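Each protein sequence line maps, in turn, to chains A and B. Taken in order, the first sequence gives residues 1 to 347; the numbers are from our numbering. Taken in order, the second sequence gives residues 348 to 600; the numbers are from our numbering. Note sheet for the following structure.
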Amino acid sequence: MDKIVLEHITKAYDKNAPVIEDLNLSIRQGSFTVLLGPSGCGKSTILRMIAGLEKETAGEIRIDGVSMKGVDPGDRQIAMVFQNYALYPTMTVRGNIEFGLINMKIDKAERNRRIEEAVQMVGLEDYLDRMPAKLSGGQRQRVALARAIVKKPSVFLMDEPLSNLDSKLRAQIRTDLIELHRKLGATFVYVTHDQVEAMSMGTDIVLLENGQIRQHDTPDALYREPANVFSARFIGTPPMNILPIRALRQAGMNTPLIAMHAGFRPEACRVESRPTAGSGLRLAGQVVTRENLGDQILYKVQTDFGMVQVKDFSGRPEAYGQVTLCVDPDRLHFFDGNECRLTEKGA
Amino acid sequence: MKRTVCRTARSAVSILMLLVFFVPVYWMLLTAVKTMGQCYQTPPAFWVSNPAWDNFTRAFEAIPFRNMLKNSLIVTAGTLLCQCVTVIPAAYAFARMRFRGEKLLFGAVLATMMIPAQLIFLPVFLLFSQAGLINSYISLIIPHGTSAFAIFMLRQTFRQVPDELLEAARLDKAGQWKIITRIMLPLARPTLLTLCLLTLVTTWSDYFWPFVMTTNNDVRTLSVGVSMLRIVDGGVDYPLPFLWNRWSGRCTG
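If you want it as C-alpha cells, here you go:
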C-alpha cells in the first residue's frame, strides 16, 4: 500500500524556473525510502514538501490517501530529523523531547511513559537533564531522534541526519536507524547524497537528478540493473565503467544493434599482467594507480577507450605497467543513445 | 625587582581610579547632610560631625514625595510593559514574516529614530490636550509605548535564530505564540534584558516629557520633583537637589 503519494508535483521558488517539474512518486507503507541524488537535485525540496515546510507550486501530495493541501506540518502525523539537529538550545533534553507532546496536549503520565521509552531506544537515559550544548554531536542526533520517536508518527522524515557526524559514528547510527525502522514499522523517508547510506539502509531508493526520478527501485536492483548510465555511475564505489560501444565491436564482440555504450562494474573485471586466452572482452591498458586496501586492490587503468577502474579481490598486487583487463561478458550492461539500459544482451 | 615596580604602579593607578569614581559619590552623600552654611564653606569640609538629617524631612515635605514615587513606578512599569507588547511582535514579524510593504514599513520604523523628541513634542502635546489626556498616565506612557531602536535590535537577534529551529517547532505543532514565547524570547534573553534596562533608565530619569505633559502634580514623576526642590524656597537649596538627583536617577555620579 502506498503511504505517501506525490502526483504531478511542480515546485518553483519565486519566479525562477521550476526545480521540480511534474514529479510522480509513491512511497510504500513501512518502507525505508531513500531520496538519493547529487546536491541540488531537489531531494530536500521533496522532503520539505512532504513535511509541509515548503508549499508545492502545483500538484498534490497525499498521505494515507488524504490530500495534504492546507494541512499544517504539525497535523500531518510526521516527524522530522534535521541535518544540524535543530534542538531547542534553551531547553533540556527532556524539554526538547517533551515540547511536541505538550503541544499535542498529551497528559503528563503518558508523556513520561513515552519519553522513557524513547530515550531507552536511543540510549540517552542519563542525559535527560542536560542542555543540548553539553552533548556531543552523536548524542544530539539521538535527542533529535528521540524527539521524533515520542510523537509516534507514521512517517519519519530525515534530511541528511548523519552528515554532521564523523565516519565512525555515522556507521554506528546507520545500524541504529535500520534497527529503529524494523522496530517501529513506520515509514521512513530519508534524504542523502551518500550512496553508501542509501544502499545500506534503504529498502527503496529513489535516485534523482535535476528534479527528475532517474530510477526508483530496491538497492539490489539499482546495483544490478541500473536503468541508465546516470544510475550506473552514481551507485557503487568506484562507479561503473562506461565505454563507447566501439571498444567491444573492435574486440569482435556481439553487441545489441542500438547499443551506444557498454558498462561493467569494477569487480566484474580482472587485471592480468600477461594476455591470456579466453572469451569475453580483453582490454589493454597501463596501470596509473594502485590502492591496496587489504581485502581488495583498486586499480586505475588507462586504456585506449578511457580510464577504467578495477576492484580486484585476488590479493595479488599487479606491478605498474602494461596489463590486460578481462571483463566477464555476462556482467556487461548495454545502454542506448539515450543512455537507457537495454535488457537484451549481446555477446 | 621589575615585577615589584610594575605591581606597585598598577596598584597606584587602581587606587587613583577608585578615588576618581568614589569621591563624587561621597561628596553627594556628604552634601545631603550638610547645612546650607557648610555647603558654601571655604575650604570645603570633607567631614561633618553633626549631620543635618532634617534635610530629608524637609525634602519629603517640600514635594508630594509618595505620590511622585508612585507616579514614577507606574509610568516606568507602564512604558516597559507597553514596549514589550508592541516591540516583540513587531520585531518577530519583521524578522520572520514576508508580507507586502515589509521593507517600506521597516524603513519607516527606522526613520523615526532620526526624529528628535524636541521636534515633535508640540504636535504630540496638542494631540493629547485636544483628547483631554493631559495630566494622565496615558499621556506619559503612550508616546513612549514603542521604540524603533528596540524593534531593530530585537529583529536582528530574531533573524539569527536558525530556520530549522522554527521548522522543528512547527512540526512539533507549536503555534506562533508558542514559537515566540518558548523559543524566540528565551534565545533573545540577553538582548531583551539590555533593552529593558535601557528603557527603564531612560523612562525613570526622563524629565522633559513628564514636564511637558503635566500642568499639576497629579501624575508628575520624581524627576520633575527634583527640579521643584530648587524652586520651593525661592532660591537654590543645594543639599537637597544633590540627594534628589541620586534618587531620581539623574545624577551623573
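We treat Cβ as the ideally placed atom computed from N, Cα and C, and that holds for glycine. Bear in mind that the values here come from a model prediction, so they are computed numbers and not experimental data.
Alpha carbon of residue i to alpha carbon of residue j, nearest angstrom
i	j	result
B/A409	B/L576	7 Å
B/T351	B/A359	12 Å
A/T303	A/T45	41 Å
B/F499	B/A458	11 Å
B/M460	B/S483	25 Å
A/D194	A/D336	27 Å
B/V372	B/I362	16 Å
A/E160	A/F82	7 Å
A/R130	B/A406	54 Å
A/G306	A/L243	7 Å
B/W594	B/K525	A caution first: B/W594 carries a pLDDT of 48, below 50, which makes its placement in the model too unreliable to give a value.
B/A392	B/P398	12 Å
B/G425	B/I488	6 Å
A/V301	A/A319	12 Å
A/R341	A/A232	9 Å
B/R445	A/P18	21 Å
A/P219	A/E56	28 Å
B/L532	B/Q507	12 Å
B/S476	B/Q465	17 Å
Per-residue burial, residue i [other beta carbons within 10 Å of its own, 16 or more giving buried]
i	result
B/S570	buried
B/Y439	buried
B/C353	exposed
A/T192	buried
A/I63	buried
A/Y299	buried
B/F558	exposed
B/M364	exposed
B/R529	buried
A/A262	buried
A/A79	buried
A/R350	Look at the range of chain A in this structure, 1 to 347, and you will see that residue 350 of chain A is not part of it.
A/K168	exposed
A/S314	exposed
B/D510	exposed
A/Q286	exposed
A/N349	With chain A running from 1 to 347 in the structure shown, residue 349 of chain A is simply not present.
Partners in chain B for residue i, counting only beta-carbon separations shorter than 9 Å
i	result
A/G211	Those do not exist, as A/G211 stays about 21 Å from chain B at its closest Cβ, beyond 9 Å.
Sequence-distant residues of its chain with Cβ nearer than 8 Å to residue i (five each side left out)
i	result
A/T276	T324, C326
B/L427	C543, T546, L547, T550
A/E54	K11, T45, R48
A/A51	P73, R76, I78, M80, L157
A/L124	V93, Q139, R142, V143, A146
A/K151	A79, G100, L101, M104
A/E7	N24, G59, E60, I61, R62
For residue i, the residue or residues it bridges with in DSSP
i	result
A/Q302	A/Q286, A/M307
B/V456	B/V456 pairs with nothing; no bridge assigned.
A/S383	Because chain A spans 1 through 347 in this model, residue 383 of chain A falls outside it and cannot be assessed.
A/N241	A/F264
A/H216	A/V206
A/C340	A/N228
A/E272	A/T324
A/M158	A/V81, A/Y190
A/R62	A/V5, A/S67
A/D312	A/I297
A/H333	A/G263
A/N292	A/I297
Contact set between residue i and chain B, taken where Cβ atoms lie within less than 7 Å
i	result
A/G137	Near A/G137 there are no residues of chain B at all, since even the closest Cβ is about 15 Å away, more than 7 Å.
A/A51	L518
A/G100	D519, K520
A/P73	R517, L518
Listed by chain order, chain B residues near residue i by CB distance under 8 Å
i	result
A/N80	Going by the sequence as given, residue 80 of chain A is Met instead of Asn. Correct list: E514, A515, L518.
A/A86	P509, E511, L512, E514, A515
Within chain A, partners of residue i - CB distance below 7 Å
i	result
B/K525	N103
B/L534	P89, T90
B/I530	Y88
B/A442	Under the 7 Å cutoff, chain A gives no residues; its nearest Cβ is about 17 Å from B/A442.
Same chain, Cβ closer than 7 Å to residue i, five either side skipped, listed in chain order
i	result
A/L87	N96, P132, R140, V143, A144
B/V456	A495, I498
A/L47	L35, L157, D159, V189, V191
A/P89	P132, A133
B/D565	N482
B/T504	A535, T538
Beta-carbon proximity list for residue i, same chain, < 6 Å, skipping 5 on both sides
i	result
B/L602	Summary: the structure shown does not reach residue 602 of chain B, with chain B confined to residues 348 through 600, and so no result is reported for it.
A/R170	L162
B/F606	In the structure displayed, chain B extends from 348 to 600; residue 606 of chain B sits before or after that span and is not available.
A/R246	none
Cutoff 8 Å: residue i Cβ touching any chain D Cβ
i	result
A/G280	Protein chains in the displayed structure are A and B, and chain D is not among them.
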